[in-house]
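Student: Chains as they are written, first to last, in the working numbering: chain R, 19 to 481; chain Z, 19 to 481; chain W, 19 to 481; chain Y, 19 to 481. Built from N, CA and C at the ideal position, the CB exists for glycine as well. No experiment lies behind these values; they were computed from the predicted model shown. Structure in structure tokens, see below.
Protein chains: 4
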Amino acid sequence: MCGIVGILGSEDSPYYTLLALHAIQHRGHEGVGIAWFENGTILPERRVGLVSDLAKKFPKVKSHVAIGHVHYSTTGRSEARNLQPFVINGMNLKLAVCHNGNIVNFLSLRRMRENEGSVFTTDSDTEVIPHLIASSKGDIVARIKTALSMVKGAYSLVMMTQDSLIAVRDPWGFRPLVLGKFRNLKNAYIVASETCALDIVDSEFIREIEPGEILVISRDKIYSERLKPADKRECIFELIYFSRPDSHIFGVDVWSVRIMLGRILAQEQPADADIVVPVPDSGLFSSIGYSEESKIPFAYGLVRNHYIGRTFIEPSAKERISEVSIKLNPIKGVVSGKRVVLVDDSIVRGTTSRKIVKMLKDAGAREVHLRISSPPIRYPCYYGIDTPSEGELIASSHSIEEIRNFIGCDSLGYISVDGMLKAVKLVDSSADGFCTACFTGRYPVPPEDAEFIKQLRLFRDDI
Amino acid sequence: MCGIVGILGSEDSPYYTLLALHAIQHRGHEGVGIAWFENGTILPERRVGLVSDLAKKFPKVKSHVAIGHVHYSTTGRSEARNLQPFVINGMNLKLAVCHNGNIVNFLSLRRMRENEGSVFTTDSDTEVIPHLIASSKGDIVARIKTALSMVKGAYSLVMMTQDSLIAVRDPWGFRPLVLGKFRNLKNAYIVASETCALDIVDSEFIREIEPGEILVISRDKIYSERLKPADKRECIFELIYFSRPDSHIFGVDVWSVRIMLGRILAQEQPADADIVVPVPDSGLFSSIGYSEESKIPFAYGLVRNHYIGRTFIEPSAKERISEVSIKLNPIKGVVSGKRVVLVDDSIVRGTTSRKIVKMLKDAGAREVHLRISSPPIRYPCYYGIDTPSEGELIASSHSIEEIRNFIGCDSLGYISVDGMLKAVKLVDSSADGFCTACFTGRYPVPPEDAEFIKQLRLFRDDI
Amino acid sequence: MCGIVGILGSEDSPYYTLLALHAIQHRGHEGVGIAWFENGTILPERRVGLVSDLAKKFPKVKSHVAIGHVHYSTTGRSEARNLQPFVINGMNLKLAVCHNGNIVNFLSLRRMRENEGSVFTTDSDTEVIPHLIASSKGDIVARIKTALSMVKGAYSLVMMTQDSLIAVRDPWGFRPLVLGKFRNLKNAYIVASETCALDIVDSEFIREIEPGEILVISRDKIYSERLKPADKRECIFELIYFSRPDSHIFGVDVWSVRIMLGRILAQEQPADADIVVPVPDSGLFSSIGYSEESKIPFAYGLVRNHYIGRTFIEPSAKERISEVSIKLNPIKGVVSGKRVVLVDDSIVRGTTSRKIVKMLKDAGAREVHLRISSPPIRYPCYYGIDTPSEGELIASSHSIEEIRNFIGCDSLGYISVDGMLKAVKLVDSSADGFCTACFTGRYPVPPEDAEFIKQLRLFRDDI
Amino acid sequence: MCGIVGILGSEDSPYYTLLALHAIQHRGHEGVGIAWFENGTILPERRVGLVSDLAKKFPKVKSHVAIGHVHYSTTGRSEARNLQPFVINGMNLKLAVCHNGNIVNFLSLRRMRENEGSVFTTDSDTEVIPHLIASSKGDIVARIKTALSMVKGAYSLVMMTQDSLIAVRDPWGFRPLVLGKFRNLKNAYIVASETCALDIVDSEFIREIEPGEILVISRDKIYSERLKPADKRECIFELIYFSRPDSHIFGVDVWSVRIMLGRILAQEQPADADIVVPVPDSGLFSSIGYSEESKIPFAYGLVRNHYIGRTFIEPSAKERISEVSIKLNPIKGVVSGKRVVLVDDSIVRGTTSRKIVKMLKDAGAREVHLRISSPPIRYPCYYGIDTPSEGELIASSHSIEEIRNFIGCDSLGYISVDGMLKAVKLVDSSADGFCTACFTGRYPVPPEDAEFIKQLRLFRDDI
């Protein structure tokens, strides 16, 4: 769960990179990093915090090219060392790398490089990529090709050299990556995780980077090379939850998929109720779809505080004051005495849903029927979504009825895997090739070994 | 435009006060202050920034009583001196005061006290209140009564002494103020600008402080005194825009008033269109009402970035990058090719509406019909809403058609003053006695003189 | 223990004020404040920390006049409220005040003003001064005169109005205050606690402000008024310890008094020893005098770390690591095997001397003979030096032999009161009229009452 | 110009490391770094600023072993990336490295490793050391031996593994490195650049690490290995200027060498004068020696402000306000009308001496005779002292008379190279084997090539 950006062609590339990172801040709000060229050297700036925290203190720097990264979760102190971009400041090779995804064979690749004397300074799976590039031969594109031919797993990458911006998607295409062109600047390009990052810098969407594509952008030309192809496996959870609704990725508008998921959900899991209430903002579009399909009126019954309140929760106050209660407030007048269909995008541990249901009941809701626009999440993701391990995924060890009982709602209904895939097809009949591993356990690229899974856990917070 | 909170009865009153201030952060996001008792002395802590910024560094303090304030606008450097609470650390009187509103005769009151040798350290109208109390005679309630009998204008107040919490609303009742009781603490009370502040600390709404009421809460008793009565004039703009939709003030649910405003607006200002799109979040509920009444489908066509981005706007980039474009993004797939009814709560200068309309047109909207759930704002507010002076209020000097032309929309329609008042009546038939001065120029308590109006301007930012 | 500065006549007065405050930072390193005029209003900036901390973040402000203050000791949280300058931002009177000293009748004056309805916000004795000025009649100088005629105790003041800088010393002249003129700016003046503040801004020493003088400096004229005269009582401890050695105050060079104190000390308290070692830097000049007089060679046996290390002392480590050991280190090769005369300026509690003596003995010193260039401090100061209360002054309850035993030195000798006064006379035969209350208990202006003494204690840290 | 520390044997090793770094802060005040073990991983913390800045925010961490570094000069933004310690967080090798010195063949070593695919992230010469260790074979000591056999130049190193602390000095012994043992902790050791770092943590000086020695300290044993020997070349500038006077390095007390340098200087460069005045604190001990030898009285004529004032110098004010005038102030009464011998340790560019001489003349000194306790610095240092390049060293292109004329003193005298070496011999007759390259141009280990010298320049500020 990270977001990446690269920009080439404006003297203000660092500034535009920060703006674009701000637009995809939802992909990672724990850390931020940016790199640019200055006097022939790559300078990085990486901080724990929000993009706006970095922007506040950021010096005015000029660079023809820049890349940046927002980072999801950092546990504990000193984890600044795991922040991206990663940098090679070699005498003959200067390269910066930002990565979104998860490399499932990074431990054996790392062991290989360490045996050759390479020095790794972090625990991040990403670090192996610059090492493999540095130890490959040929021009930079050849080196990238050789390096990535060894890498398995999910990787959308933006990289920069002194005179080029390079974007890569793994052959399976797990994570999104899109190309845009500045409207008012000649030959200025942006590559980013989502199209909403293009909009904020007034750029036009050109196309997606294709699975297995290496796109090289320099001042005077753009060209592509290809990695060895594989079956496309785009992450369907990006459409359900992770991407912003105003983004266009994997060939579809995210918002329209979500409305359609809500419609199918209403068909598969109808409810006898008075109003449809979204969990803001994750359940917003699917609740609109549910309402449209079911003809049950849409009602805004939970209000979200726009100011972030994580600083407030003292351990001693945790019983009465939760992060949920600081963020959400029910509108009594809307829900009181009503049979409510509550729509959300997913259930991970069930604890948040439980608090929201209790909140609605305390506010007078007569019944709460929880409807989820994704199937039960039963398996951990190895490709970049920070789901917890199986033991903590409530659906991996509990029946629907047990989950309903834990959450305390009157009924609980998930969309089916088939329904989910059908929803995407209804938006774009050619949509195909999704990774559904977290629902089905069918991993397109199996994780390397037990140690990888353990290592992965070290980077993950409670969600 | 400020928010106030006071809590008595828990050792954690300072902590709960911060939480409650966070819930009403929308009433003022430039500065925050809190005061409590420690070793028999009032200690204040005031900072430019958000409540969460203060909370992050706030020491663990214990005090049976605490009050706090969020402050709207501070211009330029060193304005920390105008932040509240105001404090009297006298040898015989220790009192802290937080104020929401605007005192229209504060200059002559201040002149009177200065003539008696009192020292004023700020430019704030609020400072005169502790001075009048300090120079009055009798017990604390008598002093407050004497002091406030001289004060004209809008004032909701929370005050604390060593052993009591005191809440006051001016006789006209311009600003809201509500009383709550902690659910799980015995004899613990909260007074706050809005009920959403009660919810976050798990308190039950008891009732509103009444216009002209002085409510005194101590450990063992609660009682009221009355100021000289006046005609009730509650600020209707609180219902239209300023209060949170999940709050209950002036006897009505804010959200339900907004939905009704949208319905009446649809009746008065119909549009031939395909979708109703809200400006998030200010136009959300009125757009739902508009959609319900007009039967034009509701569609979520503008997405709001939840992360605050004010730090980004470099002067040099202002032409291309505006605060609006950093905060809002249109969903092309929703609006493209559509005739859009865009619903918002108000127009001040017109510049923001203009940018949003352009944004929708650039995203392919065929027509944009702007509908506003308040009448044209033609007159400045002297009672605590930070509207700019007449010269900058577009509606004070332009016809509707001129405004439409400036904004660039295809049609423009405001609700009427009668329609607005009718909407509130439809929610609560007994609702009455509102201040509509910003629409009608009928000021219930005329401002003192030209100097006051000039002084007022010094405190106001561009909105 | 504070330092004050005022500058008039340069557009950069705020900047020069910070520089001058930096030069007298030794008079107070806990807090700093500055005030200037901007758009006809006084803006203050006050912070806990060093002058350089404030300077780092200080905006570039222009003002024809500015005053500033360094503050000695602030206990605990939120004490920022006690920092100076104090400000009157009245409609007809704008005045800022900085004070060095201690007002012994401030409680009764404050009570008087509070009875008239004045609002005090701090616990500081200084706050009564602006209140008395605000409640007096006439032009500003008449008001100051009336106000100060009521005030008893020590006060050196700098004040500013829109067009003037005003400097006052109390009739006893307890604290120093000097006047300088900028060398390269026409009609630009500086008033400061010590002449070293003049040097740093390239100003020429003109003369001292005289006891009882009110000096008014404006763009076009300088003139003086007089308070009712009293017997001069300049603080001799400024010469012994508090002022910088390169300053010239009370008509004498501080360094030369200290050398002379060392000489008389050598006469009165000779020692049979091999080397004279100063406690840096407080004992530096007196040790040079001691060495010159006694013919015992001067040796630099204790090195001071120039970097401030207060942040280091964890409570748990306090046994092994003290502030003394972080600041000072003995040079073994210098002191080992030697009989050392250790010279310092004073003993307060004796704990620091004890640690230094132990340090020298651990480094191999054969004997340590402690010589003190002031008489035993037996009584608290009520005029602005932060000595602790009698109970904590080791000399108020212990004999010399008991103190020697506690400190662990081989012999201990103080200069006599007569010897001390003689030393000053030898530098300037006309020198006369010193306050020696801390040594003799003869208070020139008796403290008001027990409450004052208690109140005073609240502001004092452990030294 | 850096300082290094390593501690093993206390749970509070990180805390003690910070304390010890504080004691050698004079070796580098631009940046600080520390590394320790936590849950089997090396965690580093590196910041631009002082040790006390880091200490203020440093979390309480426990680790059996820790190392740290103070860094001299960092130019411009983002140079945090060049701060030490360097870390290997490999799967089979976890190692942190701190370095004081300069590796003259690092570019060719780096090129060699880069050709093998190693990734360098900084411009620092130090980074090559962990790379060479990582690519060597055998146990950790064997790897270090192999690695360092390739390295030419100056390197004192402290390194840590999970269970050991390793200290190394290059075969020439350019930079100092000493071993101490905690007095009150069993089997707890400290290695540091200077003995003053041992004193602050209450440790006993055991011995110096010898040139070419690899000392390995673990919980249960201490042993040494040797690198291939070379002729000893200890940096004489450490004795003249760089080390603290209370340190004992290279077999001698630093202070006593400096006093002897002053004596020889008085013999070689006598002056007809009234007083000897030191430039504090660099000229303190040599001026005492000069005074003793010449019988001209020692006088303290320049006072140093103990508070750091670099923040003050606005570009616009630079003409009138210099860093020298903020730091030093002459005592008029001491120098006025006097013929002054001004003693300092060295002249680099001459600009600082020029300002001090002017300062003394402005204060009334009749004559100023500048005496320097080192020979003229004519050649850049390639072994870790940040002298500027030849072009900026005034003595490399100007005669003594030209320098005198530039500085504006009445006479100028340097000690001779022979006199300097004789002074050390007089303190310890066995003292031998010093590097005098900066005076003589005789480089014991020639720099690799022109690129190295250019690279070196990038790291150096104006001194």
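What are the partner residues of Gly171 of chain W, as DSSP defines its beta bridges?
Tutor: In DSSP, Gly171 of chain W forms a bridge with W:Ile121.
Student: Report the residue from Z:Met177, Z:Val69, Z:Glu311 whose alpha carbon sits nearest the alpha carbon of Pro103 of chain Z.
Tutor: Minimum Cα distance to Pro103 of chain Z is reached at Z:Met177.
Student: At a Cβ threshold of 9 Å, is Gly351 of chain Y touching chain W?
Tutor: Output row for Gly351 of chain Y: interface = yes.
Student: I'd like the ranges of any alpha helix (DSSP H) spanning at least 4 consecutive residues and lying wholly in the segment 297-383 of chain R.
Tutor: Qualifying alpha helix (DSSP H) stretches, in chain order: 302-312, 341-345, 350-353, 369-380.
Student: Between the segment 197-204 of chain Z and the segment 268-288 of chain Z, do at least 3 Cβ pairs fall closer than 8 Å?
Tutor: Touching, no, given that fewer than three Cβ pairs across the two stretches are closer than 8 Å.
Student: Contact criterion: CB-CB distance below 9 Å. Does Tyr432 of chain R meet it with respect to chain Z?
Tutor: No, because no Cβ of chain Z sits closer than 9 Å to the Cβ of Tyr432 of chain R.
Student: Let me make sure I understand the geometry here. Which of Z:Phe124, Z:Ser312, Z:Glu63, Z:Gly351 has the alpha-carbon closest to that of Ile277 of chain Z?
Tutor: Among Z:Phe124, Z:Ser312, Z:Glu63, Z:Gly351, the Cα nearest to that of Ile277 of chain Z belongs to Z:Ser312.
Student: How would you label Asp1 of chain Y, buried or exposed, when you count the other beta carbons within 10 angstroms and need 16 or more for buried?
Tutor: Residue 1 of chain Y is absent from the model: chain Y starts at 19 and stops at 481.
Student: What residue range does the alpha helix (DSSP H) around Asn423 of chain R cover?
Tutor: That run of the alpha helix (DSSP H) goes 418-425.
Student: Secondary structure at His47 of chain W, three-state DSSP: helix, strand or coil?
Tutor: Residue state, collapsed to three classes: coil.
Student: How should Asn133 of chain W be labelled, buried or exposed, when 16 other C-beta atoms within 10 angstroms of its C-beta is the threshold for buried?
Tutor: With fewer than 16 Cβ atoms within 10 Å of its Cβ, Asn133 of chain W is classed as exposed.
Student: Look at the alpha carbon of Ile25 of chain Z and the alpha carbon of Ser182 of chain Z, and state the distance between them as a whole number of angstroms.
Tutor: Roughly 10 Å between the two C-alpha positions.
Student: Do the segment 25-41 of chain Y and the segment 74-94 of chain Y touch if we need at least three Cβ pairs shorter than 8 Å?
Tutor: Enough Cβ pairs lie closer than 8 Å, so yes.
Student: Per the DSSP calculation, Ile147 of chain Y is bridged to which residue(s)?
Tutor: For Ile147 of chain Y, which the question treats as bridged, DSSP gives no partner whatsoever.
Student: Which residues of chain R have a Cβ atom closer than 8 Å to the Cβ of Gly108 of chain Y, listed in chain order?
Tutor: Within 8 Å Cβ-Cβ: Glu132, Val137, Phe138.
Student: Can you name the residues of chain W whose CB is closer than 7 Å to the CB of Pro41 of chain Y?
Tutor: It is worth fixing the name first, because residue 41 of chain Y is Ala in this sequence and not Pro. Going along chain W in sequence order, the residues near Ala41 of chain Y (Cβ under 7 Å) are Asn323.
Student: If the cut is a Cβ gap below 9 Å, which residues of chain Y does Ile326 of chain W touch?
Tutor: Leu68, Ser70, His324, Tyr325, Ile326, listed in chain order.
Student: I need the straight-line Cα distance from Asp362 of chain Y to Ser414 of chain Y, nearest angstrom please.
Tutor: Each residue's alpha carbon lies about 19 Å from the other.
Student: Give the DSSP-derived three-state secondary structure of Ala449 of chain Z in the structure shown.
Tutor: Three-state result, Ala449 of chain Z: coil.
Student: May I have the straight-line CA-CA distance separating Val23 of chain Y from Arg187 of chain Y, to the nearest angstrom?
Tutor: Approximately 13 Å, taken between the alpha carbons.
Student: Would you identify the three-state DSSP class for Asp436 of chain W, choosing helix, strand or coil?
Tutor: Helix.
Student: Taking 8 Å as the limit between beta carbons, can you name the residues of its chain near Ser448 of chain W, skipping five residues before and five after?
Tutor: Gly269.
Student: If I measure Cβ to Cβ from Ala284 of chain Y and keep anything under 6 Å in the same chain, skipping five residues before and after, which residues do I get?
Tutor: Only Tyr308, Glu311, Ser312 meet the Cβ criterion.
Student: According to DSSP, simplified to helix, strand and coil, what is Lys74 of chain R?
Tutor: Note: Lys74 of chain R maps to helix in three-state DSSP.
Student: Below 9 Å between beta carbons: does that hold for Ile121 of chain Z and Asp141 of chain Z?
Tutor: No, the pair does not count as a contact, with Cβ atoms beyond the cut-off.
Student: Flag Gly94 of chain R as yes if its beta-carbon sits less than 9 Å from any beta-carbon of chain Z, otherwise no.
Tutor: Any reading at Gly94 of chain R must be qualified, since the residue scores a pLDDT of 39, below 50, and its modelled position is unreliable; the value itself is stated next. It does not: the Cβ of Gly94 of chain R has no partner Cβ on chain Z nearer than 9 Å.
Student: Please confirm whether Ala152 of chain Y has its beta-carbon closer than 9 Å to some beta-carbon of chain R.
Tutor: It does; some Cβ of chain R falls within 9 Å.
Student: Drop a sphere of 10 angstroms on the beta-carbon of Gly280 of chain Y, count the other beta-carbons inside from all chains shown, and report buried for 16 or more, exposed for fewer.
Tutor: Buried, since its Cβ has 16 or more Cβ neighbours within 10 Å.
Student: Note down, in chain order, all residues in the segment 213-235 of chain W with a beta-carbon under 7 Å from any beta-carbon belonging to chain Y.
Tutor: Those residues of the segment 213-235 of chain W that come within reach of chain Y (Cβ to Cβ, closer than 7 Å) are Cys214, Asp217, Ile218, Asp220.
Student: Have a look at Tyr400 of chain Z and Gly459 of chain Z and give me their C-alpha separation to the nearest angstrom.
Tutor: One C-alpha to the other measures close to 11 Å.
Student: Taking CB distances under 9 Å as the criterion, tell me whether Asp480 of chain Z reaches chain W.
Tutor: At Asp480 of chain Z, the pLDDT of 35 sits below 50, so the modelled position is not reliable; the number obtained from the coordinates is stated separately. Answer no: the Cβ-Cβ gap between Asp480 of chain Z and chain W never drops below 9 Å.
Student: Residues of chain Z with CB under 8 Å from Thr59 of chain W, in chain order?
Tutor: Within chain Z, the residues near Thr59 of chain W are Asp141.
Student: Write down every uninterrupted run of the beta strand (DSSP E) in the segment 174-235 of chain Y whose length is 3 residues or greater and which is fully enclosed by it, in chain order.
Tutor: Segments of the beta strand (DSSP E) lying fully in the segment 174-235 of chain Y: 182-187, 196-200, 207-210, 221-226.
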